[in-house]
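Counting in our numbering, the final residue of the sequence shown is number 650, and the numbers go up one at a time with none missing. A virtual CB, placed ideally from N, CA and C, is assigned to each residue, including glycine. Small disclaimer: the values here were computed from a predicted structure and weren't measured.
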Amino acid sequence: MARTVTVHEAKTHLSRLLRAVEAGEEIIIARGDTPVARLSAAQPAPTVRHQPGEWAGMFGVSEDALDALAEPMSEAEIAAFERVDSSLAP
Numbered sequence: 561m562a563r564t565v566t567v568h569e570a571k572t573h574l575s576r577l578l579r580a581v582e583a584g585e586e587i588i589i590a591r592g593d594t595p596v597a598r599l600s601a602a603q604p605a606p607t608v609r610h611q612p613g614e615w616a617g618m619f620g621v622s623e624d625a626l627d628a629l630a631e632p633m634s635e636a637e638i639a640a641f642e643r644v645d646s647s648l649a650p
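Pasting the structure below:
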C-alpha cells in the first residue's frame with residue numbers, strides 16, 4: 561500500500577522520499593485530503609547497442625553536393641561566416 565504525504569512534507573523530505581521509492585515504496589502526494597501525484601520508481605531506459613556498419617548504405621551524398629563541398633567559399637560566404645562567428649564571441 562502506498563504511503564500518503566502532504567505537499568509540505570514532500571518538499572521538506574524529498575531526498576528521504578526518493579530513497580524510499582528506490583527501495584520499492586510508492587508515495588502519494590496530497591494537497592489536503594486530495595491525492596495529487598504519485599511518486600514511483602522510474603523504469604530505466606533500455607540500452608540499445610548498434611553494430612558497426614548496420615546503417616551502411618542507408619544514407620548518401622549526391623555527386624553535386626560533394627562537388628559543392630570541394631569548391632572554395634566565395635568572398636560573400638566568407639564574410640557571412642565571419643559575421644556569424646563574431647556574433648558568438650563573448
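{"Asked": "Identify the residues that DSSP records as bridge partners of alanine 597: which are they?", "Found": "Ile589"}
{"Asked": "Mapping the DSSP letters down to three states, classify valine 567 as helix, strand or coil.", "Found": "helix"}
{"Asked": "Where does alanine 605 sit, in a helix, a strand or coil, going by DSSP?", "Found": "coil"}
{"Asked": "Which of the three DSSP states, helix, strand or coil, is assigned to alanine 580?", "Found": "helix"}
{"Asked": "Apart from the five residues on each side of it in sequence, which residues of its chain come closer than 7 angstroms, Cβ to Cβ, to threonine 566?", "Found": "Ala590"}
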